[in-house]
Amino acid sequence: MDQLVNLTTHDGVAVIVINNPPVNALSPGVPEGLVAALDAAEKDPSADAIVIIGGGRTFIAGADIKELELAAAGRGSGPPEFHGILARIENTAKPVVMAIHGTALGGGNEVAMAGHYRVAVPDAQIGQPEVNLGIIPGAEGTQRLPRLVGVAAAVDLCVSGKPIRAPEALKLGLIDRVIEGDLLKGAVHFAREIAKEGAPLRKTSELSEKLGSEWVDASIYVAGRDQARRTRRNMLAPLKVVDAIEAAATLPFEEGCKKEREIFVECIQSDQARALIHAFFAERAVAKIPDIPKDMPVYNIREAAIIGAGTMGGGIAMACANAGIPVLLKEVEQAALDRGMATIRRNYENSVKKGRFSQEVMDQRMALIHPQLTYEGFERADLILEAAFESMDLKKRIFGELDKIAKLDCVLATNTSTLDIDEIASVTGIPRMVIGLHFFSPANVMRLVEIVRGKATSKPVVATALALAKKLGKVGVVVGNCRGFVGNRMMLPYMREAQLLVEEGATPEQVDRALYNFGMAMGIFAVDDMGGIDLAYRVRQEYKHLEKPGMRMPLVLEKLFHMGRYGQKTGAGWYRYDENRKPIPDPEVHAIIEKTAHEAGIPRRHISDDEIIERCIYIMINEGAKILEEGYALRAADIDVIYLTGYGFPGYRGGPMWYADTVGLKRVRDRIREFRAQHGEWWEPAPLLDKLADQGQTFAAWDAAHEHEMAVA
Ligand code: 3H9
């Protein structure tokens with residue numbers, strides 16, 4: 030028997046165990062092993078029933094996404110096909126019980142649904158997350174799921190891609206029993222009951238009572254497609270999955286499967302699937318740092334302390350409490366502390382109102398956050414994180430104080446978004462313990478943390494930061510210590526170019542609409558108004574020394590600042606805002622822009638949406654190429670992850686560097702050359718981009734070639 034799949038017998042029940050760590054994906058060899066095990070189990074006269082269970086930490090987490098990646102790239106032997114194995118399971122002559130723990134996702138749930146019965150431990154997660162990869166369930170999931178849970182629930186599960194826990198799966202009819210305690214024992218017991226009762230071999234493909242009627246289902250499809258358009262803007266798979274479920278309810282099973290296969294193949298060959306699969310692996314690759322082995326010892330963060338209870342400090346305190354880490358939260362004045370705690374309470378209350386968790390959970394989390402005005406208890410903390418006002422003098426003063434208070438093995442982190450980590454570390458006697466943890470606002474929600482590695486930061490401290498990010502449910506990306514790190518360094522030219530575009534003839538709303546239609550979560554002017562024009566103005570002042578000769582700087586932002594139009598907080602910025610904070614295009618802003626352009630002698634012209642996208646996104650890509658070449662990011666894919674998880678870049682475009690590869694680096698570089706000729710030397714192509722474009726290469730290929738020689742500068 031193949032080692033990927035093992036067969037044993039327990040109490041007259043054949044037990045088939047899948048052993049394909051880490052997540053028992055359906056890699057080549059697993060389906061074949063399953064068939065062989067089923068053949069043997071069926072023939073075994075001592076076994077009346079069969080249990081299929083996952084070895085290790087999970088049931089089957091899906092098809093092997095590496096196989097899907099090959100299929101999406103048009104390589105390998107084509108998209109995986111599981112029709113034969115699913116039919117083999119369903120047609121087994123003895124009852125087949127699927128025993129689920131961990132996750133039964135995608136192909137995992139599809140295999141489970143081919144069994145006659147399903148049992149699961151209470152915290153097992155079951156779902157069809159394929160849309161997150163830009164595909165639809167391709168192993169008959171769209172055909173079996175509605176037969177078990179009904180059309181409406183199937184549409185919701187497949188469009189949202191969100192897994193559900195076993196108790197809800199039981200309510201929906203997706204599983205037959207929740208097993209408390211030992212899963213294998215419980216599943217064997219259940220299988221024996223079924224065999225003893227002579228219960229029918231329930232084939233999911235033959236069920237029809239939950240498929241509803243054409244008349245009732247029509248409104249479910251309309252609602253499902255609305256949900257897809259609303260929550261998965263511009264994406265193909267979430268709309269297509271509704272078509273596949275519709276086929277389940279209107280066609281015989283075999284024909285429905287054929288329809289599903291056609292749609293699955295169409296989706297997997299799309300740019301969206303390629304981009305989302307890239308994003309999946311990129312998000313996992315960020316934790317792999319060449320000079321930091323996986324087994325590097327880490328500091329155990331049992332208790333944290335945070336300095337500053339403002340928006341950032343409060344959000345980070347919530348992120349810690351959500352992960353069960355107690356936090357001391359320090360402010361300098363009682364009023365600021367009270368304000369910070371009130372905001373935390375309000376945020377939690379909103380979550381309870383929305384049903385995200387119970388009042389009891391909220392109370393537990395609140396109890397983990399200890400507001401205080403002193404450093405009391407900081408000597409115990411395993412991590413101290415400074416989230417004070419963005420000023421080097423202040424941060425140095427705080428780190429000087431921490432140097433005297435913190436224990437020697439305490440990780441000292443700063444949440445600075447712009448300042449030099451090495452300079453901050455220099456005031457301490459233990460610079461090896463100092464690191465940047467750049468959270469994004471709101472820190473309790475946003476998944477990105479830039480982990481800024483200073484010159485002296487020790488490897489165990491970097492490993493600790495990565496482990497902490499994972500514990501907080503965040504994506505930690507290690508970056509080098511340059512101005513603005515990676516994300517904000519690329520953001521600056523992006524914002525500048527958008528502002529130049531409006532002075533040349535576009536309007537803020539046209540730029541925002543073009544960017545939104547491209548897929549950005551928000552337009553850049555709306556972002557500016559949300560963050561505050563006053564802040565953008567201060568950043569501009571601070572970065573003035575980076576302006577290159579001949580670089581045209583936009584003029585309007587400064588005017589808005591001096592007019593007190595700070596954005597949402599003052600009810601007006603690039604837009605006007607009504608009481609619901611809805612942005613409204615403002616003729617006054619148009620007039621200011623036109624007057625400013627006129628006075629500066631900038632001719633105004635029609636600007637196309639294509640030009641807006643090219644100038645805003647290509648300038649960002651060009652900066653990304655510089656960052657990569659200078660070694661401040663390890664991989665182009667790391668830059669993608671930063672933009673996907675922290676800056677609202679659309680997942681289905683894979684991040685800015687992946688998007689550049691999709692467009693073609695030569696085309697991107699050639700346009701950049703044209704912009705250089707039209708606008709000035711700030712558009713000079715980055716040397717790395719130039720080189721890769723000449724070689725007909727991609728950033729992805731550059732990543733692969735540099736895998737073994739990465740070291741953050
Ligand atoms: C599908 O099933 C299509 C079907 O309809 C049929 C088509 C015909 N394949 O996330 P982690 C790797 S689509 C290959 O860090 P966690 C992952 O790369 C699939 N590899 O762990 C990583 O490798 P490494 C539907 C996979 O505990 C390692 O496992 N299923 C797969 O935080 C650990 O992963 C999904 O979309 C896979 N399917 O989370 C589920 N899954 O160590 C995708 C994981 O080398 N997976 N790996 O970096 C997940 O959501 C999470 O991995 C999971 C575990 C929740 C399972």
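For the sequence shown, this note's numbering begins at 30 and goes up steadily by one. We treat Cβ as the ideally placed atom computed from N, Cα and C, and that holds for glycine.
Paired residues, beta bridge with residue 412 - DSSP
333 and 440
In the DSSP assignment, find the beta strand (DSSP E) that holds residue 245 and state where it starts and stops.
It is not in any beta strand (DSSP E) - residue 245 instead sits in the alpha helix (DSSP H) that spans 243-260.
Starting from the Cα of residue 357, find the closest Cα among 481, 310 and 406 and give me that residue.
406
Nonlocal neighbours in the same chain, by C-beta distance under 8 Å from residue 637, ignoring five residues either side
none
Tell me whether residue 696, by its Cβ, gets closer than 7 Å to a heavy atom of the ligand 3H9.
no
List the residues that DSSP assigns as beta-bridge partners of residue 4.
No answer is possible for residue 4: the residues shown for the chain start at 30 and end at 742.
Who pairs with residue 359 in a beta bridge, going by DSSP?
336 and 401
If you count every other CB in all the chains shown that lies within 10 Å of the CB of residue 620, and 16 or more means buried, which is it?
exposed
Between residue 10 and residue 504, how many whole angstroms is the CB-CB distance? I'm expecting something under 8 Å.
Past the boundaries of the shown model lies residue 10; the chain is included only from 30 to 742, so the question cannot be answered.
CB contact flag (residue 495, residue 316, <8 Å)
yes
Run the proximity test for residue 65: is its beta-carbon closer than 7 Å to any non-hydrogen atom belonging to the ligand 3H9?
no
Check whether the stretch 425-441 and the stretch 467-481 are in contact - that is, three or more C-beta pairs closer than 8 Å.
no
Complete runs of the alpha helix (DSSP H) confined to the stretch 142-216 [at least 4 residues]:
170-178, 180-189 and 195-201
In whole angstroms, give me the CA-to-CA distance for residue 147 and residue 714.
57 Å
Identify the continuous alpha helix (DSSP H) that holds residue 493 and give its terminal residues.
488-500
Please report how far the alpha carbon of residue 585 lies from the alpha carbon of residue 594, in whole angstroms.
11 Å
Run through DSSP, which three-state label would residue 316 get?
coil
When you compare only the Cα positions, how much space is there between residue 725 and residue 695?
7 Å
DSSP has residue 39 in a bridge; who is on the other side?
42
Just mark residue 190 as buried or exposed, buried being the case when its beta carbon has 16 or more other beta carbons within 10 Å.
buried
Between the beta-carbon of residue 325 and the beta-carbon of residue 492, is there less than 8 Å?
yes
If you draw a straight line from the alpha carbon of residue 210 to that of residue 194, how long is it in whole angstroms?
16 Å
Which residue or residues does DSSP assign as beta-bridge partners of residue 468?
478
Would you tell me roughly how many angstroms separate the C-alpha atoms of residue 119 and residue 126, rounded to the nearest one?
11 Å
Can you tell me the Cβ-Cβ gap for residue 114 and residue 83, rounded? I've got them flagged as a contact below 8 Å.
Contact flag wrong, Cβ pair sits at about 16 Å.
What number of angstroms, rounded off, separates the C-alpha of residue 400 from the C-alpha of residue 452?
29 Å
Evaluate residue 72 with the Cβ neighbour count: other Cβ atoms within 10 Å of its Cβ, from every protein chain shown; 16 or more gives buried, anything less gives exposed.
exposed
Jot down the residue ranges of each uninterrupted beta strand (DSSP E) in the stretch 71-121, minimum 3 residues, whole runs only, in chain order.
78-83
For residue 60, which residues from the same chain have a beta carbon less than 6 Å from its beta carbon, with the 5 sequence-adjacent residues on both sides left out?
114
Can you grab the Cα-Cα spacing for the pair residue 734 / residue 86, in whole Å?
33 Å
On the DSSP bridge list, what partners appear for residue 55?
92
Reducing DSSP to helix, strand and coil, say where residue 374 ends up.
helix
For residue 321, list the residues DSSP reports as bridge partners.
318
Going straight from the alpha carbon of residue 154 to that of residue 365, what length do you get?
41 Å
Length of the line joining the Cα atoms of residue 662 and residue 686:
12 Å
Cα-Cα, which of 490, 718, 626 and 510 is closest to residue 328?
490
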